[in-house]
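Here the structure is laid out as C-alpha cells; the discussion comes afterwards.
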Amino acid sequence: MKIEVTDNTAYETEDIITAKDLVKSYRLGDGSDLTVLDHMNLSLPKGKLIMIMGRSGSGKTTLINVLSSLDTFNSGSVSLMGHEYSQMSDRDKELLRRYQMGFVFQSVALIPAMTACENIDFGLRTAGVKEGRKERIAEVLESVGLAERGNHYPVELSGGERQRIAIARAMAHRPRVIFADEPTGALDTESGFHIADLFLELAKKEQITIVMTTHDVRISEMADEVIRL
Ligand SMILES: Nc1ncnc2c1ncn2[C@@H]1O[C@H](COP(=O)(O)OP(=O)(O)OP(=O)(O)O)[C@@H](O)[C@H]1O
Ligand SMILES: [Mg+2]
0 MKIEVTDNTA YETEDIITAK DLVKSYRLGD GSDLTVLDHM NLSLPKGKLI MIMGRSGSGK
60 TTLINVLSSL DTFNSGSVSL MGHEYSQMSD RDKELLRRYQ MGFVFQSVAL IPAMTACENI
120 DFGLRTAGVK EGRKERIAEV LESVGLAERG NHYPVELSGG ERQRIAIARA MAHRPRVIFA
180 DEPTGALDTE SGFHIADLFL ELAKKEQITI VMTTHDVRIS EMADEVIRL
C-alpha cells in the first residue's frame with residue numbers, strides 16, 4: 000500500500016522504513032571511492048526505538064541521512080511507507096520529510112528569539128497544521144515533562160531541557176518517524192538516559208518509529224533494536 004506523502008491517516012503495514020541492498024559510497028578528492036554502507040538490508044517497525052551504534056566514522060550519520068532522504072545513495076532501495084526514494088522528486092521527498100518525519104540533532108537548533116512554545120508552534124506551522132496547535136503544544140510539553148517551561152527562551156533552559164523541547168517540536172506534528180543524530184551526545188550520562196527513556200515512552204505512546212545514533216553502549220542497551228555498524 001502506498002499513501003500520499005502528506006496523508007496522515009493510519010498506515011497499516013508494520014514496517015515503516017525498509018532498505019534493500021543499500022550501498023552508499025563517497026567519492027574522495029583523489030578520485031577513489033569510500034564505501035560506507037555496503038549492501039545493507041533493514042526493516043524498521045512501527046513504534047520502536049531503534050539505535051544505530053558504532054564508533055566514530057563507522058557511518059551512523061551517513062545511514063541516518065540516507066534513511067531520512069537527506070542524502071542520496073549509490074544503489075539498492077530505501078522506502079518510507081511504500082514511497083521509494085529513488086522514484087521521487089526532490090520536492091516530494093521534501094514534503095515527505097516535512098509531514099512524516101521529525102528531526103533532532105546533537106546541537107539543538109531551537110530558534111533563540113522564540114520561546115519554547117513558539118519554537119514548537121513554528122514546527123507545527125511548517126508541517127501545515129492549522130487547527131488545535133495550542134492544545135497539541137500543551138500536550139507535547141507535558142509529554143517531555145516541561146509543562147512549566149513553555150514561556151522560557153532557549154537561553155533560559157538547561158542543555159537537557161533544550162533537547163527535550165527539540166524532541167517536543169520534532170514530534171508535535173505526529174510524524175511517523177523521528178530521526179535523531181547523537182541526541183544525547185552533548186549531555187551528561189544521566190540526562191542522556193532520560194532522553195532515551197523519553198524516546199522509548201514516545202515510541203510506545205505515539206507509535207512513532209524513532210531512529211537515533213549513539214556511540215554509548217549503555218544507552219544502546221535501552222533500544223528495542225540495535226543496528227551495529
Ligand atoms: N561528504 C563526505 N565525503 C567523503 N567522505 C565522507 C563524507 N562524509 C563522511 N565521510 C566518511 O564516511 C565515514 C562515515 O562518516 P559518518 O559521518 O557517517 O560517521 P559517524 O559514524 O557518524 O561518525 P561520528 O560518530 O564521528 O559522528 C567516515 O569515514 C567519513 O570520513
Ligand atoms: Mg555522526
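The sequence shown lines up with residues 0 to 228 when you count with numbering that gives the first Met the number 0. The beta-carbon is built from N, C-alpha and C at its ideal position, and this holds for glycine as well.
Cβ of residue i versus every heavy atom of ligand 1: is any distance shorter than 7 Å?
{"i": "residue 55", "result": "yes"}
{"i": "residue 30", "result": "no"}
{"i": "residue 60", "result": "yes"}
{"i": "residue 123", "result": "no"}
{"i": "residue 33", "result": "yes"}
Look up residue i in the DSSP assignment and say whether it is helix, strand or coil.
{"i": "residue 143", "result": "coil"}
{"i": "residue 2", "result": "Caution is warranted here: a pLDDT of 47 is assigned to residue 2, below 50, making its placement in the model unreliable, and the coordinate value is therefore given only provisionally. In the structure shown, residue 2 sits in coil (DSSP, three-state: anything other than H, G, I, E or B)."}
{"i": "residue 174", "result": "coil"}
{"i": "residue 193", "result": "helix"}
{"i": "residue 16", "result": "strand"}
{"i": "residue 153", "result": "helix"}
{"i": "residue 219", "result": "helix"}
{"i": "residue 159", "result": "helix"}
With the cut-off set at 8 Å, would you say residue i and residue j are in Cβ contact?
{"i": "residue 43", "j": "residue 15", "result": "yes"}
{"i": "residue 149", "j": "residue 193", "result": "no"}
{"i": "residue 143", "j": "residue 197", "result": "yes"}
{"i": "residue 105", "j": "residue 184", "result": "yes"}
{"i": "residue 179", "j": "residue 65", "result": "no"}
{"i": "residue 74", "j": "residue 83", "result": "no"}
{"i": "residue 13", "j": "residue 45", "result": "yes"}
Evaluate residue i with the Cβ neighbour count: other Cβ atoms within 10 Å of its Cβ, from every protein chain shown; 16 or more gives buried, anything less gives exposed.
{"i": "residue 17", "result": "buried"}
{"i": "residue 0", "result": "Low confidence applies here, because residue 0 scores a pLDDT of 39, under 50, leaving its location unreliable and the question unanswered by this model."}
{"i": "residue 213", "result": "buried"}
{"i": "residue 86", "result": "exposed"}
{"i": "residue 28", "result": "exposed"}
With hydrogens ignored, establish whether the beta-carbon of residue i is closer than 7 Å to any heavy atom of ligand 2.
{"i": "residue 187", "result": "no"}
{"i": "residue 212", "result": "yes"}
| Cβ pair count under 8 Å reaching 3, the region 110 to 124 against the region 169 to 181 | yes
| Counting pairs of beta carbons, one from the region 127 to 138 and one from the region 154 to 166, are three or more of them closer than 8 Å? | no
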